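Undergrad: Encoded as structure tokens, here's the structure I'll be asking about.
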Amino acid sequence: MALSTPASPSPPLIPPAFVERLQIETGGVFHCHCITVDLQALVERRGVRQGLLVAVGQHTTTALVLNENEERLLRDIEAFFLGLAPPDRPWLHNDLHLRQGIPPDEPRNAHAHLIAMLLGNQLSLPVVEGRLGIGRWQSVLLVELDGPRRREVLLQLIDTGGASLPEGRDSAFGAPP
Amino acid sequence: MALSTPASPSPPLIPPAFVERLQIETGGVFHCHCITVDLQALVERRGVRQGLLVAVGQHTTTALVLNENEERLLRDIEAFFLGLAPPDRPWLHNDLHLRQGIPPDEPRNAHAHLIAMLLGNQLSLPVVEGRLGIGRWQSVLLVELDGPRRREVLLQLIDTGGASLPEGRDSAFGAPP
Amino acid sequence: MALSTPASPSPPLIPPAFVERLQIETGGVFHCHCITVDLQALVERRGVRQGLLVAVGQHTTTALVLNENEERLLRDIEAFFLGLAPPDRPWLHNDLHLRQGIPPDEPRNAHAHLIAMLLGNQLSLPVVEGRLGIGRWQSVLLVELDGPRRREVLLQLIDTGGASLPEGRDSAFGAPP
């Protein structure tokens with residue numbers, strides 16, 4: 001009987017998740033790299049319409065920031081954060097002769113660690129109708145704090161399914177101030 | 178034959194994810210708005226018992242913070258962050274005559290961008306048994322840094338399924354200090 | 355009739371998500387606790403190969419940080435953040451006599467709230483091939499800012515499925531600098 005042997009293959013039972021590693025040669029000691037187009041390209045290459053993109057910088061002296069990619073602001077960022085945590089302060093982490101098992105080329109970069117903690121190093125961003133769910137003036141910036149080096153950002157793209165949203169799934173709400 | 182036409186609809190094969198946009202008219206130049214009740218209301222309206230709520234402020238001069246909604250602390254937050262990044266410092270981003278293609282009403286708000294980066298602008302919070310998984314004294318605060326304006330927070334609620342957790346799924350563990 | 359009573363149980367229609375609570379007795383007023391091994395142990399105990407781990411500190415005076423667990427750097431962290439937000443500044447939140455409904459043992463800890471906001475208190479980290487998706491020198495640190503106390507971190511582990519990745523799912527890409 002045909003009824004017990006359906007012709008169509010089994011549907012997927014779980015949403016796919018894609019993992020990729022974005023590699024970047026950074027451009028200076030302190031340098032902001034806009035990676036928004038790389039993230040959007042991943043979403044499009046995988047054909048994800050609704051989902052979640054998680055990005056984690058894989059280093060202790062880089063940061064991931066969601067803000068504006070404006071050239072003069074990027075220079076303000078550098079001056080401001082280096083002012084908060086100056087490289088030449090007598091940080092304990094920079095006393096290389098007092099630390100065990102470090103390679104001969106170990107950098108003195110305590111300030112870069114501290115700035116990385118101030119800025120954060122991971123972002124979770126929804127994907128809505130095939131686009132990163134960020135605002136018009138927002139960009140995702142990989143901030144190099146102790147470069148230049150080859151750096152890596154781990155990207156995980158979770159497909160939450162659906163080529164389009166049913167009625168009422170994407171709606172605005174709000175309350176008076 | 179009845180066997181080939183089941184009365185019940187097919188079950189969902191992937192967890193639903195709901196996307197909504199929370200809109201807020203902010204109340205001042207620098208102002209903290211507690212949005213915890215808005216997030217909890219979304220969870221209840223969608224009937225999600227177990228899931229993940231992702232929130233992303235859609236602006237470069239707002240922040241999303243998980244901390245205490247105590248009136249005097251909110252005033253400390255304002256004084257502290259404006260002290261770290263004073264509005265009237267000669268930020269390069271504020272030299273409007275040196276920037277291309279900006280509208281006539283472009284604000285001088287470099288400090289607001291910098292504070293937004295210090296605080297962060299996205300949060301991922303589990304939903305456990307129908308409640309946001311945050312502590313007793315924690316609130317989700319939308320921080321306006323260059324208002325007042327109409328602002329938007331993108332909310333994505335992923336249903337990870339299950340009306341209740343089976344035995345052993347929610348348990349405490351820990352190690353001696 | 356056998357057709358209406360299939361012998362095999364229904365397959366899971368949604369990915370499992372596990373919720374656990376990590377409890378820690380913190381070791382000082384300001385103290386960094388590495389919890390990477392606790393998170394990795396959860397991943398292994400649940401047998402998750404591909405997934406997402408979300409961690410949220412359940413307190414307003416703790417932080418969760420992704421950086422290096424190096425003893426001298428941990429001392430730099432303490433000195434740097436207590437320098438940015440000194441405990442003895444006249445914070446409004448510390449005027450206990452002007453606040454309503456607080457217990458007799460309410461601590462004066464405005465600085466700890468402010469540092470918690472600078473550092474952040476939640477992390478989302480992919481799980482790749484059964485391992486936390488972080489870099490060689492990265493650790494997850496629970497930062498106690500007003501201890502010692504018993505603290506709790508809410509952990510949610512979402513299984514995105516798959517014992518191994520099909521071809522092409524985990525790949526490196528990048529662009530020239």
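Protein chains in written order, with the working numbering: chain A, 1 to 177; chain B, 178 to 354; chain C, 355 to 531. Beta carbons: idealized from backbone N, C-alpha and C, even for Gly. These numbers come from a predicted model, not from an experiment.
Between the region 227-245 of chain B and the region 289-300 of chain B, are three or more C-beta pairs nearer than 8 angstroms?
TA: Flag = yes, the region 227-245 of chain B and the region 289-300 of chain B touch.
Undergrad: Considering only C-alpha positions, which residue in the set Leu250/B, His210/B and Val231/B is nearest to Leu477/C?
TA: Reading the third sequence from its first residue, position 123 is the one you call residue 477/C. Closest option to Leu477/C, Cα to Cα, is Val231/B.
Undergrad: Could you tell me the distance, in whole angstroms, from the CA atom of His33/A to the CA atom of Gln23/A?
TA: Taking the first residue of the first sequence as 1, we reach residue 33/A at position 33. Taking the first residue of the first sequence as 1, we reach residue 23/A at position 23. So the two alpha carbons sit approximately 12 angstroms from each other.
Undergrad: Rounded to the nearest angstrom, what separates Ile456/C and Gly27/A at their Cα positions?
TA: As a working note, residue 456/C is residue 102 in the third sequence. As a working note, residue 27/A is residue 27 in the first sequence. Rounded to the nearest angstrom, the two C-alpha atoms are 52 angstroms apart.
Undergrad: Closer than 8 angstroms, CB to CB, is Glu344/B near chain A or not?
TA: Numbered from its first residue, the second sequence carries residue 344/B at position 167. Caution applies to Glu344/B, whose pLDDT of 38 falls short of 50 and renders its modelled position unreliable; the value that the coordinates give is listed next. Chain A contact via Cβ: absent.
Undergrad: Heavy atom of the ligand COA less than 7 angstroms from the Cβ of Arg45/A, yes or no?
TA: As far as ligands go, the structure on display features none, and thus does not contain the ligand COA.
Undergrad: Helix, strand or coil: how does DSSP classify Thr337/B here?
TA: Residue mapping note: residue 337/B aligns to position 160 of the second sequence, counting from 1. If DSSP states are grouped into helix, strand and coil, Thr337/B belongs with coil.
Undergrad: Verify the CB distance criterion: does Ala361/C have a CB-CB separation below 8 angstroms to chain B?
TA: As a first step, residue 361/C is located in the third sequence; it is residue number 7 there, counting from the start. Its pLDDT being 40, under 50, Ala361/C is placed unreliably in this model, and the value from its coordinates should be taken loosely. With 8 angstroms as the cut-off, Ala361/C does not count as an interface residue toward chain B.
Undergrad: Using a Cβ-Cβ cutoff of less than 6 angstroms, which residues in the same chain neighbour Gln315/B once the five nearest sequence positions on both sides are dropped?
TA: Counting from 1 along the second sequence, the entry for residue 315/B is found at position 138. Here the set comprises Leu243.
Undergrad: Classify Phe30/A as helix, strand or coil using the three-state DSSP reduction.
TA: For this step, residue 30/A is matched to residue 30 along the first sequence. Coil, per DSSP.
Undergrad: Using a Cβ-Cβ cut-off of 6 angstroms (strictly less than) and excluding sequence neighbours within five positions of Asn246/B, which residues of its own chain qualify?
TA: Locating residue 246/B in the second sequence gives position 69, where the first residue counts as 1. Correct list, in chain order: Cys211 and Ser316.
Undergrad: Helix, strand or coil for Pro16/A, going by three-state DSSP, please let me know.
TA: Numbered from its first residue, the first sequence carries residue 16/A at position 16. Looking at Pro16/A - three-state DSSP - the assignment turns out to be coil, as it is neither helix nor strand.
Undergrad: Taking 8 angstroms as the threshold (C-beta atoms), are Ala194/B and Gln333/B in contact?
TA: In the second sequence, residue 333/B corresponds to position 156, counting from 1. In the second sequence, residue 194/B corresponds to position 17, counting from 1. Yes, the Cβ-Cβ distance between Gln333/B and Ala194/B is below 8 angstroms.
Undergrad: Compare the Cα-Cα distances from Arg131/A to each of Trp91/A, Thr36/A and Leu145/A and report the closest residue.
TA: In the first sequence, counting from the first residue as 1, residue 131/A sits at position 131. It is Thr36/A whose Cα lies nearest to the Cα of Arg131/A.
Undergrad: Does the separation of the CB atoms of Leu436/C and Phe384/C fall below 8 angstroms?
TA: Within the third sequence, numbered from 1, the residue matching residue 436/C stands at position 82. Within the third sequence, numbered from 1, the residue matching residue 384/C stands at position 30. Yes, the Cβ-Cβ distance between Leu436/C and Phe384/C is below 8 angstroms.
Undergrad: Are the beta-carbon atoms of Asp76/A and His270/B separated by less than 8 angstroms?
TA: Position 76 of the first sequence holds residue 76/A. Position 93 of the second sequence holds residue 270/B. For Asp76/A and His270/B, yes; Cβs fall inside 8 angstroms.
Undergrad: Shorter than 8 angstroms from the beta carbon of Gly297/B to some beta carbon of chain D?
TA: No chain D is part of this structure, whose protein chains are labelled A, B and C.
Undergrad: May I have the straight-line CA-CA distance separating Glu483/C from Phe434/C, to the nearest angstrom?
TA: The count along the third sequence starts at 1 and reaches residue 483/C at position 129. The count along the third sequence starts at 1 and reaches residue 434/C at position 80. For Glu483/C and Phe434/C, the distance between alpha carbons rounds to 37 angstroms.
Undergrad: With a threshold of 8 angstroms between beta-carbons, can Phe80/A be considered close to chain B, or not?
TA: For the purposes of this step, residue 80/A is taken as the residue at position 80 of the first sequence. Answer yes: the Cβ-Cβ gap between Phe80/A and chain B drops below 8 angstroms somewhere.
Undergrad: Taking Cβ-Cβ distances below 7 angstroms as the criterion, which residues of the region 400-426 of chain C are in contact with chain A?
TA: Within the region 400-426 of chain C, the residues whose Cβ lies closer than 7 angstroms to some Cβ of chain A are Gln404, Leu406, Val419, Leu420, Asn421, Glu422, Glu424 and Arg426, listed in chain order.
Undergrad: One question on the structure: do Leu393/C and Ala110/A come within less than 8 angstroms of each other, judged by their Cβ atoms?
TA: Along the third sequence, one-based indexing puts residue 393/C at 39. Along the first sequence, one-based indexing puts residue 110/A at 110. No; because the gap between Cβ atoms is not below 8 angstroms, this pair is not in contact.
Undergrad: Could you name the residues of the same chain whose beta carbon sits closer than 6 angstroms to that of Val373/C, not counting the 5 residues immediately before and after it, in chain order?
TA: Within the third sequence, residue 373/C is the residue found at index 19, counting from 1. Hits under 6 angstroms: Gln510.
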